[in-house]
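Below you'll find the structure, written out as structure tokens, and then a few comments.
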Amino acid sequence: MTGTETAATTTPSSKPSVTLIWLNESRAQRIAWLLEEMGLDYDLKVYKRTKEKQAPAELKEYHPLGKAPMVVVDDKTLVESAFIVEYLVDNYAPQLKPAESDSKQYMQYRHLMHYTEGSLMPFMLLAYVCMMIRNTPVPFFVRPITNRVADGLSNTFVNPNLVSNYDWLETLLKDQPFFAGDKLTGADIMLSFPIESAQERMGGFYNKERYPNLFSWVERIKARPAYKNAEEKVAAVEANL
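Residue numbers (full-length UniProt numbering): 1 to 241.
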């Protein structure tokens, strides 16, 4: 560094303007949690799903696909949860990722950031589709057929893959409190949605006896002040929808 250069710092005046595009029943809560962990001020623009459970057309004003969550950082619109988390962590919260010199944990962090949506969530969504098939109103004489389709897909494809994924995630927490080491990282924030959803919606194989490390991890993240702050803001927002 020369005498004319200065170290880059993030001062209150240099903090970005952040708006979180919020949609109910979406994965936006983990982005709110991230922003709370970062200590960034942010505005919430709240939208409600249509009666068909689709995002309203207004979201296409931000991006042609009209999906949530989205984050507007200064003049940049960010979409896709993993990209949002990576961008915010890389630019404003490097403490939420392992040091690159710790190659094992850094590689674990980068892998899990993309694994969450790329590998785990497709099976979670298929499980949800199977549930929708079972619950869709159909004539009584068709019900055995739709149940057979849903059960076949669940038993032969969806559930075995979910078991493999959650079994593996359980092993990652065997000797450390968070998924990429001793500290919370963006990987934990990304994984919060599918792991909490599994505990809230799934029965059968997913229980505390089989996954004590995952259940303990959830208790650990829910105890964090930033998580509680995000949860309170979310609850206040959803109460007014």
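Built from N, CA and C at the ideal position, the CB exists for glycine as well.
The structure presented is a predicted model; accordingly, all values stated were derived computationally and were not measured.
6 Å CB neighbourhood of residue i in its chain, flanking five on each side removed
| i | result |
| --- | --- |
| E100 | Y106 |
| L172 | F179 |
| Q138 | According to the sequence as given, residue 138 is Val; it is not Gln. Within the same chain, V138 has close Cβ partners T146. |
| Y206 | A198 |
| P98 | Q105, Y106, Y109, A180, G181 |
Which of helix, strand or coil DSSP assigns to residue i
| i | result |
| --- | --- |
| V85 | helix |
| T185 | coil |
| F140 | coil |
| F193 | helix |
| F157 | helix |
| F179 | coil |
| D167 | helix |
| S119 | helix |
Nearest-angstrom Cβ-Cβ length linking residue i and residue j, presumed shorter than 8 Å
| i | j | result |
| --- | --- | --- |
| A19 | V71 | The sequence shown places Thr at residue 19, not Ala. Sure, about 7 Å apart at Cβ, within 8 Å. |
| Y109 | T185 | 5 Å |
| L59 | V237 | With a Cβ gap of about 16 Å, L59 and V237 do not count as contacting. |
Other residues of its chain near residue i: CB distance less than 7 Å, five sequence neighbours each side excluded
| i | result |
| --- | --- |
| T6 | At T6, the pLDDT of 30 sits below 50, so the modelled position is not reliable and the matter cannot be decided from this model. |
| L25 | Before going on, a small fix: residue 25 reads as Glu here, not Leu. The answer, listed in chain order, is R49. |
| M121 | P194 |
| I189 | R30, W33, L34, V85 |
Chain-order list of residues whose beta-carbon lies under 8 Å from that of residue i (same chain, five-residue window excluded)
| i | result |
| --- | --- |
| E196 | V218 |
The segment 27-36 contacting the segment 217-235, beta-carbon criterion three pairs below 8 Å = yes
Are the segment 157-174 and the segment 89-98 touching by the rule of at least three beta carbon pairs closer than 8 Å?
-> no
Which full runs of the alpha helix (DSSP H) of 4+ residues lie inside the UniProt domain "GST N-terminal" (15-96), going along the chain?
-> 29-38, 81-92
Could you tell me whether the segment 153-161 touches the segment 120-133, using the rule of 3 or more Cβ pairs below 8 Å?
-> At 8 Å Cβ cutoff, the stretches touch.
The segment 58-73 contacting the segment 110-123, beta-carbon criterion three pairs below 8 Å = Touching, no.
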